[in-house]
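**Student:** Supplied in structure tokens, the structure appears directly below.
In the UniProt record's numbering, the protein residues as written are 1 to 198.
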């Protein structure tokens, strides 16, 4: 695996290389140092699988709960399923079933799942208690557990907020890197909903 520093060195040596970042902005290498780190899927993934998979991550502005029913949903929670702050409050109001989630006995680094008609609602358990903070390791482990459930159930569309960020304090550019590491060899479209206050 290339370090980000070595990746930049390789890219700077290439001529006329252009990067397309999540359908938002086309950049040349001349202005690359001024942007935050954004992972490049083709360099993070095992290249022998690249032709067989269609992983895509798109960011949109809007309400996560307006995502089509063909998209499963996911967000981060604690193992106590307190869900008393952030977007977790809305998940609790809409989907409830806290006793069912607790009965699954999921610990930090796992995933609890509810079925909602045609889709699944994934609860990425990234910390033990609601007042704790997640780590990138627990996030990755939860994402891997979710990936296995998604593969078993043929889930190809997922809508998420900026998981682990906000009150949990993880950095979005590092979370994107984790998403690519975990899902880059999968046939999956992840839509990230960035909430825009009205």
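Think of the CB as a built atom: it goes at the ideal place given N, C-alpha and C, for glycine as much as any other residue.
Put residue 58 into one of helix, strand or coil per three-state DSSP.
**Tutor:** If DSSP states are grouped into helix, strand and coil, residue 58 belongs with the strands.
**Student:** Quick check: is the beta carbon of residue 104 nearer than 8 Å to any beta carbon in chain C?
**Tutor:** Among the protein chains of the structure shown there is no chain C, as only one such chain exists.
**Student:** Excluding five sequence neighbours on each side, which residues of the same chain lie with their C-beta closer than 7 Å to the C-beta of residue 89?
**Tutor:** These residues qualify, in order along the chain: 83.
**Student:** Does the Cβ of residue 118 have 16 or more other Cβ atoms within 10 Å, making it buried, or fewer, making it exposed?
**Tutor:** Looking at its Cβ environment, which holds fewer than 16 other Cβ atoms inside 10 Å, residue 118 is exposed.
**Student:** Compare the C-alpha of residue 87 against each of 136, 132 and 167 and name the closest.
**Tutor:** Among 136, 132 and 167, the Cα nearest to that of residue 87 is on 167.
**Student:** How should residue 169 be labelled, buried or exposed, when 16 other C-beta atoms within 10 angstroms of its C-beta is the threshold for buried?
**Tutor:** It is exposed - the Cβ of residue 169 has fewer than 16 other Cβ atoms within 10 Å.
**Student:** Distance, Cα to Cα, residue 85 vs residue 160?
**Tutor:** Their Cα atoms are separated by approximately 16 Å.
**Student:** Along the chain, where does the beta strand (DSSP E) containing residue 189 start, and where does it finish?
**Tutor:** Taken as a continuous stretch (DSSP letters only), the beta strand (DSSP E) holding residue 189 covers 189-194.
**Student:** Can you tell me whether residue 101 is helix, strand or coil according to DSSP?
**Tutor:** Reduced to three states, the DSSP call for residue 101 is helix.
**Student:** Quick one: what does DSSP say residue 227 is sitting in, helix, strand or coil?
**Tutor:** Residue numbering for the chain in the displayed model covers 1 to 198; residue 227 lies beyond these limits and cannot be assessed.
**Student:** Find the nearest neighbour of residue 73 within the set 181, 176, 172 and 112, judged by alpha-carbon distance.
**Tutor:** Selected option, being the one with the closest Cα: 112.
**Student:** Within the same chain, show all residues whose beta-carbon is closer than 6 Å to that of residue 62, passing over the 5 residues directly before and after it, in chain order.
**Tutor:** Correct list, in chain order: 193.
**Student:** Quick one: residues in its chain with C-beta nearer than 7 Å to the C-beta of residue 142, no 5 flanking neighbours on either side, listed in chain order?
**Tutor:** For residue 142, where only same-chain residues beyond five positions count, the Cβ hits under 7 Å are 109, 110, 111, 124, 125 and 126.
**Student:** Taking DSSP's pairing of strands, which residues face residue 125 in a bridge?
**Tutor:** The partner list for residue 125 (beta bridge, DSSP) reads 77 and 110.
**Student:** Going straight from the alpha carbon of residue 195 to that of residue 152, what length do you get?
**Tutor:** When rounded, the distance between both Cα atoms is 30 Å.
**Student:** Out of curiosity, what's the CA-to-CA distance linking residue 191 and residue 182?
**Tutor:** Going from the Cα of residue 191 to the Cα of residue 182 covers about 15 Å.
**Student:** Use the C-beta contact count for residue 138: other C-beta atoms within 10 angstroms, 16 or more gives buried, fewer gives exposed.
**Tutor:** Per the 10 Å Cβ criterion, buried.
**Student:** Per DSSP, what kind of secondary structure is residue 180 in: helix, strand or coil?
**Tutor:** Residue state, collapsed to three classes: helix.
**Student:** State buried or exposed for residue 77, treating a residue as buried only when at least 16 other CB atoms are found within 10 Å of its CB.
**Tutor:** Under this definition residue 77 is a buried residue.
**Student:** Between which residues of its own chain and residue 66 is the CB-CB distance below 6 Å, once the five residues before and five after are set aside?
**Tutor:** Closer than 6 Å at the Cβ level, and outside the excluded window around residue 66, lies no residue.
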